[in-house]
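Structure first, then comments.
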Amino acid sequence: MSFIELDNLRMVYPDGTEAVKGSTIAIEEGEFVVLLGPSGCGKTTTLRMIAGLEVPTAGTVKMAGRDVTRLSPSRRDVGFVFQFYALYPHLSVRENIAFPLRAAGESDAAVREAVDRVSQRLGLGEQLSRFPPQLSGGDQQRVSLARAMVRRPAVYLMDEPLGTLDSDQRLAMREFIREQQQELKVATIYVTHDQEEAMSLADRIVVMDRGDICQVGTPTQIYDDPANRFVAEFVGSPGMNFMAGPEVVGIRPEHIIPADAGQVEGTVAMNEYMGSHRFVHLDTSAGRLVFRAATGFHAEPGAKLKVELEEEHVCRFNPENGDRIR
Amino acid sequence: MSNPAIALRGVTKSFGSVRALQGVDMEVGSDELVVVLGPTGAGKTTLLRTIVGLETPDAGSIVMAGTDITCLSPPARDMALVFQNFSLYPEWTVRRNLEFPLRAPGRTETRSDIEERIKWAADMLGITHLLNRRAVQLSGGEMQRVTIGRAIVRRPKLFLLDEPLTNLDAKLRERLRVELAVLRRKLGTPMIFVTHDQAEALSMADRIVVLSEGAVLQTGTPEDVYRRPASPTVALQLGQPAINILDATVKDGKWLTSAGVSLFPADAAEGEQARIGIRPEDVALSDGDSPATVKVVENMGAEKIILADWQGDDIHAVAPKSTSLKPGDTIHPAICPETAVIWPGP
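The listed protein sequences correspond, in order, to chains H and P.
Residue 177 in numbering that gives the first Met the number 0 sits at position 178 of the first sequence, and the numbers go up by one each step.
Residue 181 in numbering that gives the first Met the number 0 sits at position 182 of the second sequence, and the numbers go up by one each step.
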């Protein structure tokens, strides 16, 4: 038995939209699971059903063996973090963070100690006596994370908690969430559309598309061994390249190598400098290929170039439905 | 630069006690894409608003193709500004949204000019099939394309884009960033693109202007700014994961970190101090003398990022995706002196 079990969870809205088409996922104690997909894929709806904010049309949610499908959110022992920080504007930062502990009846001393610890970790030490409206968006988001992570609930549920932050702040917060989660070993379900966030945070990733689960696996499985074309394209920055044919040939940018004897010829369309590497965009008779090259590799737009594909890293897909051909 | 399309000289702007721009100098060539990179609050938006004429500088001048335009009204400057939030009329069709700027008072385009311009812009952006759709029915990416279309139909003298990709999905952002750079090259119109995203800056820019607290810290090609950052502040704005910065002192002819790790031979006097910047991709994982303990291994798909404790200093390194390193393992980081940046001083 797993710690959290979603069994054939479905959500059909009154207008007939099938937001989630039957999700079955098992999450272990202490595991970090990321629900990944584009907007409208059903990831947030799934999270809201786990939280108890939506009642599923069919299926069950179990936590620690108990059926909680119809239980109210407050009786599920979950810690939430949302993209839009719902802070109490009239309470100081300290009291905002302390709120869940006070609600649980913790002693003043315990509350003070816990708030000091988490706010220091998040660099909020100097903001404790200020009020939310006086803070920047990034600091408000940090307070919202601190408030959720000050407590040790049965499960953390996070919906794009880094969505509104600058990219440098995002990296620091990502490391904080991961360290904190590993230390507390609380099962975490995290929703994002950012594949990089998913890859770096998750023990396992659940990739969703239009209400369906496409694949469940470790970041390495999802990246190297995608179940279908959607996963292969969505995960990776940039995603996998595809070449049309009786079987669609897929290859990641780092597995295309410029070579004088290469079988594929093309014209350089564009050359993106990324600092530690380059992405070269090559127009070939089978479509656009993007490959990763060293920064010292020079190919100006318009230049002709031959490349070869590393055969052992090629993935093949069914041209009709996009499924992987093994 | 001979004959820049636009040049700013000592542009300064304050709001009350806040000095939003502090003597900004910058130039944009006639066929150039300049990215202004800076964190929230750096003054990026004020800079664009000042260039387009929505703000008047307290001091300094703006010169466009040789003419001082510091006091010219926004319409007379003939620039197009695209915001982060799509400012389309939601109930109007895409066609009507695109026509709007061409029907503004003072425009002289004829009916057939307008038709031709819209066809051209829609073609260029691949939105011809959306022309009769209402803006509310569009996806985020489609809306952003239409917003850009509304800017290009006017064929302005300069494009100013204020974080146009920030509110979009990561995948879409990646695609549009390539499309925009290609589109700009086709149009041949100069562009100033403002962002806080270092990947956008590096990949799109002909030159990057690094802005911090209203001042320009460095201007250069992406490679210049990435490889030869003028200061630790600039270095930290580019590259992901961030550059490693270690405090070091010369001892026995070598740079030593505060924890006593020997980095590489020093070309400076005994006892000199410096901050040394090392990009994560330039840290070799073996062959060094001092061991480091792996703390975190982040899987990035194409590669892995290692965070290790190097005798008390945190150090980030890049490992191939095939690495089997895990937390607790030992590595021996080594630094190649040619790749390091040395900023003298304590």
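The beta carbon of each residue, even a glycine, is placed where N, CA and C say it ideally should be.
{"Query": "Reduced DSSP secondary structure (H/G/I, E/B, other) of residue 156/P", "Result": "coil"}
{"Query": "Chain P within 8 angstroms of residue 189/H, Cβ atoms only", "Result": "no"}
{"Query": "Reference residue 187/P, options 29/P, 10/P and 23/P, closest by Cα", "Result": "29/P"}
{"Query": "C-alpha gap between residue 285/P and residue 155/P, whole angstroms", "Result": "54 angstroms"}
{"Query": "Cβ neighbours of residue 151/H in the same chain (closer than 7 angstroms, five flanking residues each side left out)", "Result": "183 and 185"}
{"Query": "Simplified DSSP assignment, three categories, for residue 269/H", "Result": "strand"}
{"Query": "Chain P residues whose Cβ lies nearer than 7 angstroms to that of residue 192/H", "Result": "168 and 169"}
{"Query": "Inter-residue spacing [alpha-carbon to alpha-carbon] between residue 215/H and residue 34/H", "Result": "9 angstroms"}
{"Query": "Proximity of residue 334/P and residue 277/P at Cβ, strictly below 8 angstroms", "Result": "yes"}
{"Query": "Contacts that residue 298/P makes with chain H (C-beta to C-beta distance below 7 angstroms)", "Result": "198, 199, 218 and 219"}
{"Query": "DSSP state of residue 116/P mapped onto helix, strand, coil", "Result": "helix"}
{"Query": "Delimiting residues of the alpha helix (DSSP H) encompassing residue 73/P", "Result": "73-76"}
{"Query": "Stretch-stretch touch, CB-based, cutoff 8 angstroms, three pairs: the stretch 1-18 of chain H with the stretch 51-61 of chain H", "Result": "yes"}
{"Query": "Segment limits, beta strand (DSSP E) that includes residue 262/H", "Result": "Neither: residue 262/H is in no beta strand (DSSP E) and is coded neither H nor E."}
{"Query": "Within chain P, the residues that residue 233/H reaches when beta carbons sit closer than 9 angstroms", "Result": "170"}
{"Query": "Chain H contacts made by the stretch 228-257 of chain P, where a contact means CB separation under 9 angstroms", "Result": "235, 236, 237, 238, 239, 240 and 241"}
{"Query": "Simplified DSSP state of residue 42/H, which is helix, strand or coil", "Result": "helix"}
{"Query": "Under the three-state DSSP convention, the category residue 21/P falls into", "Result": "strand"}
{"Query": "Backbone CA spacing between residue 64/P and residue 25/P [nearest angstrom]", "Result": "14 angstroms"}
{"Query": "Endpoints, beta strand (DSSP E) assigned at residue 51/H", "Result": "Taken as a continuous stretch (DSSP letters only), residue 51/H belongs to no beta strand (DSSP E), as it is neither H nor E."}
{"Query": "Beta-carbon spacing of residue 27/P, residue 33/P below 8 angstroms", "Result": "yes"}
{"Query": "Residue 10/H - partner residues in DSSP beta bridges", "Result": "19/H"}
{"Query": "Straight-line Cα distance separating residue 342/P from residue 58/P", "Result": "32 angstroms"}
{"Query": "Same chain, Cβ closer than 8 angstroms to residue 118/H, five either side skipped, listed in chain order", "Result": "92, 93, 96, 124, 126, 127 and 145"}
{"Query": "Chain H contact for residue 62/P (CB, 8 angstroms cutoff)", "Result": "no"}
{"Query": "Beta-carbon proximity check, residue 242/H vs residue 286/H, cutoff 8 angstroms", "Result": "yes"}
{"Query": "Span separating the alpha-carbon of residue 135/P from that of residue 90/P", "Result": "6 angstroms"}
{"Query": "Burial state of residue 199/H (16 or more Cβ within 10 Å)", "Result": "buried"}
{"Query": "Boundaries (first-last residue) of the alpha helix (DSSP H) holding residue 44/P", "Result": "43-51"}
{"Query": "Interface positions of the stretch 14-39 of chain P facing chain H (Cβ-Cβ less than 7 angstroms), listed along the chain", "Result": "38 and 39"}
{"Query": "4-residue-minimum alpha helix (DSSP H) runs that sit fully inside the stretch 199-233 of chain H, ordered along the chain", "Result": "218-223 and 228-233"}
{"Query": "Test item: CB-CB of residue 296/P and residue 326/P under 8 angstroms", "Result": "yes"}
{"Query": "Residue 95/H - DSSP class collapsed to helix/strand/coil", "Result": "helix"}
{"Query": "Coarse secondary structure for residue 316/P, derived from DSSP in three states", "Result": "strand"}
{"Query": "Own chain residues within Cβ distance below 6 angstroms of residue 6/P, not counting five before or after", "Result": "26 and 62"}
{"Query": "Residue 266/H versus residue 311/H: straight-line alpha-carbon distance, rounded", "Result": "25 angstroms"}
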